[in-house]
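Using this note's numbering, you'd call the opening residue of the sequence shown number 1 and step up by one each time.
Ideal Cβ positions, reconstructed from N, Cα and C, are used throughout, including at glycine.
Fair warning: this is a prediction, and the values are worked out from it, not measured in the lab.
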Amino acid sequence: MSKVEVLDELFGAREDLELRIVLLHPTNAEQQSLLSKLVNRRDRVTGGINAIIAATFASVASPALLQAIDELKSRASHLSALAKTFDAINDVLVTVDQVLALVAQVVTLAA
């Protein structure tokens, strides 16, 4: 899998987060706090995109790298499947944290 394919997954995840941010309208302080956390995660995904762009991928991917990329794709797909409601935000935040951990793993394994 190429760097471009990894970036495609992350751009999709960021787009999903941006859509959630636009669609959700907080009606109380708790929801506003959750929305702020979502904005923070979106910004961290942007940081992950930058880290992947800066990473040097080996010409032949190791099995560990391929597995990490497959897991990243799986988590990104799971993210898009979650409801775009405040009820799902905690699941969204957990999933984004998993995506970010996988980004760090991919960057480490890519070299």
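**Request:** Would you mind working out which of I21, R20, V103 sits nearest K73, comparing C-alpha positions?
**Result:** V103
Looking only at its chain, what residues have a beta carbon closer than 6 Å to the beta carbon of K84, apart from the 5 residues adjacent to it on each side? R20, L23
For the pair the stretch 74-81 and the stretch 5-14, tell me if three or more CB-CB distances fall below 8 Å.
yes
- Which residue from L35, Q67, R44 puts its Cα closest to that of V106? Q67
Query - Which of helix, strand or coil DSSP assigns to N132 - result: What the structure shows of the chain is the stretch from 1 to 111, and residue 132 is not part of that stretch, so it cannot be assessed.
For this session: Can you tell me which of the three DSSP states L24 falls into?
Result: coil
6 Å Cβ shell around S33 - same chain, five flanking residues per side excluded
none
Need the endpoints of the alpha helix (DSSP H) that A81 sits in, please.
63-81
- [ ] Measure the beta-carbon distance from V45 to V96 and round it to whole angstroms, keeping in mind my assumption that it falls under 8 Å.
- [x] 7 Å
Exercise. Within this structure, are the beta carbons of R41 and E18 separated by less than 8 Å?
Worked result: no
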